[in-house]
């Protein structure tokens with residue numbers, strides 16, 4: 046028994062120290078990223094002047110240097126991959142450079158040694174050991190991912206904040222956001238449950254150890270030991286082992302700090318180590334003293350020197366314990382099942398965003414103020430954007446996916462209401478270009494393949510002709526072929542000829558003489574039940590997909606104003622450089638003379654925070670469910686054990702006289718059945734889950750199996766002791 050307690054004590058200390066380490070590690074991580082940082086938000090939409098983003102960026106750099114503060118923007122590239130763009134790293138007290146130098150140009154600081162050649166990595170900064178990968182770039186590299194509207198000001202006092210708000214108010218409404226990020230929000234809940242679990246199991250086994258050694262406590266009392274001396278005699282038996290484990294843990298943490306180069310955080314780790322182990326010792330001492338006092342009290346009142354079992358008066362405690370455990374178990378199971386269903390569905394949907402980690406879209410900066418009133422300037426911009434599209438389509442795997450008709454405008458009974466419902470007044474128009482429609486191009490089909498109705502490739506059926514519009518139509522709409530052909534042919538004519546002639550007429554160019562009869566629609570039927578991923582977190586279903594829409598394959602002969610509209614919302618490209626997306630399309634921008642584009646926005650960052658949070662919740666639910674189930678099983682076993690030893694004499698006599706299993710154990714079976722039913726009904730009244738009845742039946746079956754195994758084991762084990770008159 047003592048060896049088991051040694052193992053459990055070691056488990057308590059190891060789990061507690063691991064939990065303490067993660068608490069300290071999370072605090073250090075939050076301190077580096079957010080301590081002494083003030084979060085500023087600029088609403089560009091209500092600026093008092095036309096915003097030139099290059100001018101704004103230079104203003105930020107100058108302000109940062111003048112006030113000796115660091116101004117940064119944070120951009121997540123994946124769940125644990127963070128890029129920080131800073132204006133003045135030298136004045137950031139949270140960043141400690143271990144080796145190397147301040148990044149310049151496209152180089153970066155990192156928390157890990159990622160490149161042996163060091164061509165891109167300028168140095169390493171101190172960071173707690175984790176799976177996080179943090180890069181710190183010069184703020185001028187923001188054009189690779191897009192200038193956001195939130196800034197972190199490190200080291201800024203109240204006066205500096207007020208000056209910043211005043212100076213930058215011309216770019217929009219500047220507001221200070223009160224964001225208090227607590228490292229406790231990152232608490233490893235599954236590990237915390239393991240710590241609690243190990244404490245509870247240790248104390249349960251320890252209590253059983255005291256029961257087995259109650260004679261020793263009784264003899265100490267007879268020999269005249271004081272109450273405090275008796276109480277402290279038990280913890281003293283484990284003191285040497287406790288010191289040994291603490292020594293080994295201190296050696297382990299020292300080795301950890303040296304091996305993983307965490308010396309910068311040495312003081313923090315020492316403080317947490319001391320606090321963790323002193324707290325653990327005090328908790329163990331407190332419960333040890335309570336348990337020892339409890340056993341001593343029973344020795345005084347109910348136990349003779351021979352050692353009669355001290356549980357004759359506390360059988361009712363077992364019933365109460367079982368009721369509480371059952372209520373907790375069913376409550377946690379119901380909560381877990383409810384959350385697991387929701388979280389599984391949510392995470393399943395967010396998993397689709399993993400494919401966007403290397404997907405970017407362009408951001409158009411400051412446009413000519415006369416653009417809306419000058420068709421010549423508008424035409425020039427549209428033409429240049431179209432040429433840019435063709436360039437990145439071939440070089441940067443650019444693709445088109447426009448899904449604005451499926452923009453979510455509301456929810457009705459949990460189901461989304463889409464934008465196309467406002468575009469049509471007649472339900473018969475739902476399959477028109479204003480209805481359930483998306484626009485894609487050929488490259489999109491390489492990323493999100495769609496199968497033809499007979500399983501063939503769509504590419505084999507496309508017709509490359511300026512006067513033919515290819516559309517993908519789900520096979521279930523074949524009966525609407527004539528209606529679809531007519532509506533899309535009119536749309537094709539409007540976008541190709543009519544819009545084009547609006548510009549031609551105003552600019553004095555020859556009119557487009559193409560007639561409606563010159564145009565045709567090539568319908569390619571697709572298999573039913575296929576999804577189009579939108580690459581837009583605001584469109585589509587819960588997984589940002591659209592099921593069985595009619596898809597227009599973009600035709601290059603459409604008026605370039607179409608591409609002018611698509612460019613900033615629906616034009617995407619792929620880049621796997623991890624930070625140099627804008628640099629990699631710069632040659633295409635220069636070649637097509639598109640100077641209005643100054644940023645490349647990461648599509649993945651739109652959903653990444655939600656992905657990480659939902660996955661973490663799901664992991665906690667699963668871990669909590671497993672630990673709670675194990676914990677409940679152990680508590681139920683203890684319930685059976687206390688019931689058995691309360692009635693040990695009667696149960697063993699019935700066993701000797703050949704009573705059936707049911708007659709011997711009907712009391713505990715009925716108690717278990719009634720308490721489970723009552724507990725289950727109480728939880729059902731709260732959650733209203735019909736599935737809970739299946740859970741109750743399943744738990745009852747497990748309980749009956751445990752009763753059968755333990756009762757037979759305890760009967761056989763203690764039969765001789767009962768016959769001799771020694772109840773234990």
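Residue numbers (this note's numbering): 46 to 773. All C-beta atoms in this analysis are idealised placements derived from N, C-alpha and C, irrespective of residue type, glycine included.
1. Alpha carbon to alpha carbon, what distance is there between residue 529 and residue 447?
2. How would you label residue 304, buried or exposed, when you count the other beta carbons within 10 angstroms and need 16 or more for buried?
3. Rounded to whole angstroms, what's the CA-CA distance from residue 614 to residue 471? Just pull it up for me.
4. Which residue spans inside the segment 533-583 form an unbroken alpha helix (DSSP H) run of at least 4?
5. Given residue 718, which residues of its chain have a CB within under 8 Å of its CB, disregarding the five upstream and five downstream residues?
6. Would you say residue 373 and residue 216 are within 9 Å of each other, going by their C-beta atoms?
7. DSSP three-state call for residue 612: helix, strand or coil?
8. Quick one: does residue 495 have its CB under 9 Å from some CB of chain D?
9. Could you tell me the alpha carbon to alpha carbon distance between residue 204 and residue 210, rounded to whole angstroms?
10. What do you get for residue 648, buried or exposed, if any count of 16 or more other CB atoms within 10 angstroms of its CB means buried?
11. With C-beta atoms as the reference, is residue 58 less than 9 Å away from residue 248?
12. State the DSSP-derived secondary structure class of residue 146, mapped to helix, strand or coil.
13. Tell me which residue opens and which closes the alpha helix (DSSP H) that residue 717 is part of.
14. List the residues that DSSP assigns as beta-bridge partners of residue 406.
15. Rounded to whole angstroms, how far is the Cβ of residue 117 from the Cβ of residue 147, which I believe are closer than 8 Å?
16. Mapping the DSSP letters down to three states, classify residue 223 as helix, strand or coil.
17. Please check the pair residue 465 and residue 480, which I expect to be a contact at CB under 8 Å, by giving their CB distance rounded to whole angstroms.
18. Would you say residue 567 and residue 616 are within 9 Å of each other, going by their C-beta atoms?
19. Taking 7 Å as the limit between beta carbons, can you name the residues of its chain near residue 493, skipping five residues before and five after?
20. Within this structure, are the beta carbons of residue 131 and residue 98 separated by less than 9 Å?
21. Relative to the C-alpha of residue 277, which candidate in 289, 292, 255 and 61 has its C-alpha closest?
22. What first and last residue would you give for the alpha helix (DSSP H) that runs through residue 111?
23. Does the distance from the C-beta atom of residue 213 to that of residue 104 stay below 9 Å?
24. Using alpha carbons as the reference points, say which of 165, 156 and 187 lies closest to residue 832.
25. Measuring alpha carbon to alpha carbon, tell me which of 608, 185, 141 and 244 ends up nearest residue 149.
26. CB-CB under 7 Å to residue 482, same chain, minus the five flanking residues each way: which ones, in chain order?
27. Determine the contact status of residue 10 and residue 139, defining contact as a CB-CB distance below 9 Å.
28. Check the C-beta distance from residue 63 over to residue 237 and give it rounded, since I have them as a contact under 8 Å.
29. Check whether the Cβ atoms of residue 525 and residue 570 lie closer than 9 Å to each other.
30. Looking at residue 258 and residue 180, is the spacing between their C-beta atoms short of 9 Å?
31. Alpha carbon to alpha carbon, how far is residue 725 from residue 732? Give it in angstroms, no decimals.
32. If you draw a straight line from the C-alpha of residue 686 to the C-alpha of residue 580, how long is it?
33. What are the start and end residues of the alpha helix (DSSP H) that includes residue 604?
34. Do three or more CB pairs link the segment 61-77 to the segment 193-202 at distances below 8 Å?
35. Please say whether residue 713 and residue 741 have beta carbons closer to each other than 9 Å?
36. Got a sec, what are the start and stop residues for the alpha helix (DSSP H) residue 57 sits in?
On the basis of the data shown:
1. 19 Å
2. exposed
3. 28 Å
4. 544-552
5. 745
6. no
7. coil
8. No chain D appears in this structure, which consists of one protein chain only.
9. 10 Å
10. buried
11. no
12. coil
13. 706-732
14. 617 and 646
15. The pair is not a contact, with the Cβ atoms about 13 Å apart (cut-off 8 Å).
16. coil
17. 5 Å
18. no
19. 577 and 578
20. no
21. 255
22. 98-112
23. yes
24. Past the boundaries of the shown model lies residue 832; the chain is included only from 46 to 773, so the question cannot be answered.
25. 185
26. 450, 594, 595 and 597
27. As shown, the chain starts at 46 and ends at 773. That puts residue 10 outside it, with no answer to give.
28. In fact, because the Cβ distance is near 10 Å, the residues do not count as touching under 8 Å.
29. no
30. no
31. 10 Å
32. 58 Å
33. Counting along the chain, residue 604 falls outside any alpha helix (DSSP H), and DSSP gives it neither H nor E.
34. no
35. no
36. 47-79
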